[in-house]
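Everything below concerns the one structure shown next.
Numbering (the numbering used here), first residue to last: 44 to 426.
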């Protein structure tokens, strides 16, 4: 087992206190948004044997197991994070695998530099993800029913929003959602900024169901993403609850601390709430214009005490164990690679004592026994 030394990314939307509080250290005053655990080349975890990228590259079959290498290639196919949102993240979607491969190949053919700010596809992989709340966690996930979205817009009493509400009521679901999102993102910037200002004032005055959008607008004044956000389901997760974000599902995280796991990709197409590039035509090609319940996940308990967050993805599998002092040690040995992350209490993993926020990498087939009094998340793959 390898104890991991992990990088914290200081993105502007990050909380200044949540990750330091979890780690039991003094806040620096700077935003601390994400702590990465894995072998992503942008910020690989470090071990006593080198970075996790170097460790895996030296002997992929030993570290990942033959089955995982055969299924996913000689790389760790997931990235595990602790995510701490102190402000809304960009409203975004991720491509499916075919779209990612096509988009990446197209930009490569056209010679778009991979670090160019207008580049959409950093790699040829999809990016399904799962967020599990450690605290109350607010987010946006998937489209509301068009009639419900129309009612929300009409309730603001803003004249310039009435045509959008009319479109939502006049057309079938897919057409209605597509036409309104397209209109919002393609509107004249000055006119949209005025509309957003009026909507923000109304949301602030009305409160209740409108309060989240007033909060979003305080961080992104004049951004068309404020109106686009009203087309989406607002979700508040309780600790232990989770959301799965599949390809084409528009979403944004607003506030809270959680454990996030995703396929190892950087592919993001933004809809708003960001100063970064928004490629409207490519975004509209990827978005799935389907309304539905966001589908809050609760863990399913197995006989050995493992609580599994079931998703339709093979690149990652997330579960947790809640351990009690004096309880029987749990054997977590698998023939696939694992990262074990403590989020509460004190957990012993092999020879390593883990406090909240600390983690280990377990090579495939390596003995993995955990005990103690606390919560440990297990990230692995399905082969």
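Think of the CB as a built atom: it goes at the ideal place given N, C-alpha and C, for glycine as much as any other residue.
May I ask which residues mark the beginning and end of the beta strand (DSSP E) holding residue 371? Going by DSSP, residue 371 is part of no beta strand (DSSP E) at all; its letter is neither H nor E.
Below 8 angstroms on the Cβ atoms is my guess for residue 108 versus residue 408; work out the distance and round it to an integer in Å. Right, their Cβ atoms sit about 6 angstroms apart.
Which residues in the same chain as residue 187 place their Cβ atom closer than 7 angstroms to its Cβ, once the five residues preceding and following it in sequence are excluded? Within the same chain, residue 187 has close Cβ partners 274, 275, 276, 334.
For residue 305 versus residue 106, is the C-beta spacing smaller than 7 angstroms? In this structure, residue 305 sits away from residue 106, with a CB-CB distance that is not shorter than 7 angstroms.
Excluding sequence positions up to five away, which residues of its chain have a Cβ less than 7 angstroms from the Cβ of residue 236? The residues 265, in chain order, have a CB closer than 7 angstroms to that of residue 236 in the same chain once the five nearest residues on each side in sequence are set aside.
Could you round the C-beta distance between residue 425 and residue 402 to whole angstroms and report it? I think they count as a contact, below 8 angstroms. Not quite, the Cβ-Cβ distance comes to about 20 angstroms (not below 8 angstroms), so this is no contact.
Examine the Cβ distances between the segment 412-426 and the segment 368-387 and report whether three or more of them are shorter than 8 angstroms. Between the segment 412-426 and the segment 368-387 there are three or more C-beta pairs closer than 8 angstroms, enough to call the two in contact.
As assigned by DSSP and simplified to three states, the class of residue 394: When secondary structure is reduced to three states using DSSP, residue 394 falls in the coil class, being assigned neither helix nor strand.
In chain order, what residues of the same chain lie with their CB nearer than 7 angstroms to the CB of residue 395, ignoring the 5 residues before and after it? If the five residues before and after residue 395 are omitted, its C-beta is found closer than 7 angstroms to the C-beta atoms of 44, 46, 403, all from its own chain and listed in chain order.
Closest by CA to residue 49, which one among 352, 60, 244, 79? Cα-wise, what sits closest to residue 49 is 79.
Measuring alpha carbon to alpha carbon, tell me which of 233, 269, 229 ends up nearest residue 244. The shortest C-alpha separation from residue 244 is found at 269.
Could you say which of 319, 132, 423 lies nearest to residue 362 if we only look at CA atoms? Comparing Cα-Cα distances from residue 362 to each of 319, 132, 423, the minimum goes to 423.
What is the rounded straight-line gap between the Cα of residue 280 and the Cα of residue 360? About 20 angstroms.
Kindly indicate which three-state DSSP category residue 142 falls into: helix, strand or coil? Three-state DSSP puts residue 142 in a helix.
So for residue 203, helix, strand or coil by DSSP? In the three-state scheme derived from DSSP, where H, G and I count as helix and E and B as strand, residue 203 is classed as helix.
Let me check one thing: in DSSP terms, what residues is residue 79 bridge-paired to? The partner list for residue 79 (beta bridge, DSSP) reads 50, 124.
Ordered list of alpha helix (DSSP H) runs contained in the segment 140-186, each at least 4 residues: Taking only runs of at least 4 residues, the alpha helix (DSSP H) segments lying wholly in the segment 140-186 are 140-152.
Please classify residue 129: is it buried, with 16 or more other beta-carbons within 10 angstroms of its beta-carbon, or exposed? Label assigned to residue 129: buried.
Would you check if the distance between the CB atom of residue 179 and the CB atom of residue 299 is smaller than 7 angstroms? Going by C-beta atoms, residue 179 is nearer than 7 angstroms to residue 299.
Residue ranges of each beta strand (DSSP E) within the segment 336-371, 3 or longer: Listed in chain order, the complete beta strand (DSSP E) runs (minimum 3 residues) inside the segment 336-371 are 350-352, 360-366.
Looking at residue 76 and residue 92, is the spacing between their C-beta atoms short of 7 angstroms? Contact: no.
For the segment 129-142 against the segment 83-90, are there 3 or more C-beta pairs whose distance is under 8 angstroms? Not touching, per the Cβ criterion.
Reduced DSSP secondary structure (H/G/I, E/B, other) of residue 269: Reduced to three states, the DSSP call for residue 269 is helix.
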